[in-house]
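2 protein chains.
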Amino acid sequence: MLLFVQEVVAIARNVRIKAARAALDMTQKALADAVGVSRQTINAIEQGEYNPTIKLCRAICRVLGKSLDELFGEEE
Amino acid sequence: MLLFVQEVVAIARNVRIKAARAALDMTQKALADAVGVSRQTINAIEQGEYNPTIKLCRAICRVLGKSLDELFGEEE
DNA sequence: AATTAATGTCAAGTATATATGACAAAAAAT
DNA sequence: ATTTTTTGTCATATATACTTGACATTAATT
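Residue numbers (my numbering), protein chains in the order written: chain V, 182 to 257; chain A, 182 to 257.
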């Protein structure tokens with residue numbers, strides 16, 4: 182019997198961004214505008230659907246006042 | 182008179198990766214293999230020619246034993 | 001000095017991050 | 001209870017991260 186192990190594509194949902202956003206009372210749209218991407222992009226990142234660019238990560242950190250390690254570091 | 186301000190595309194050359202690599206006596210090829218990308222990709226990142234994915238940044242950090250902030254945080 | 005290894009760079013292709021528009025569901029405000 | 005705002009999600013399109021192969025140049029080895 183052959184088994185195929187499918188690569189798990191799911192990236193962890195990033196609840197840290199959501200929390201940091203909430204702390205500043207910012208909507209996804211507001212964050213999106215502040216960093217210059219579409220709302221869907223922010224949503225997808227929070228849903229863990231993709232794998233943003235370091236440049237975008239930096240912009241998000243700048244706006245949310247957090248470090249890369251805080252928002253995007255490996256989950257323990 | 183009309184002036185056009187061209188977007189500056191240059192990303193800072195990342196000498197921090199080069200240094201961390203040197204500290205472990207790793208070649209670009211060795212790092213590339215360890216993180217599963219091509220040698221040209223590592224070279225391009227060090228030359229500041231693009232804008233890697235957070236996933237790749239994390240992999241590089243893991244291999245080089247550095248944090249995201251140390252290798253990819255905003256320059257001062 | 002000659003050979004080998006490591007790096008920088010180019011061109012052409014593929015995979016995927018991000019954009020835009022649209023709509024439904026959930027949450028918040030009235 | 002209704003309306004409005006926010007969020008989740010889909011489909012199609014575009015920009016760009018990353019690949020592969022190739023070659024020249026620089027740095028190490030012998």
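For every residue, glycine included, the Cβ atom is placed at its ideal position computed from N, Cα and C. Predicted, not measured: the structure shown is a model, and the values here were computed from it.
Item                                                                                                                 : Value
Within chain V, the residues that GLY254 (chain A) reaches when beta carbons sit closer than 9 Å                     : ARG239, CYS242, SER248, LEU249 and ASP250
Given 8 Å, three or more beta-carbon pairs between the stretch 244-256 of chain A and the stretch 192-209 of chain A : yes
Beta-bridge pairing of THR234 (chain A) - partner residues as DSSP gives them                                        : V:THR234
Contact check, ARG260 (chain A) vs GLN228 (chain A), beta carbons under 8 Å                                          : Because chain A spans 182 through 257 in this model, residue 260 (chain A) falls outside it and cannot be assessed.
Closer than 8 Å to chain A by CB, LYS236 (chain V)                                                                   : yes
Coil, strand or helix - GLU251 (chain V) by DSSP                                                                     : helix
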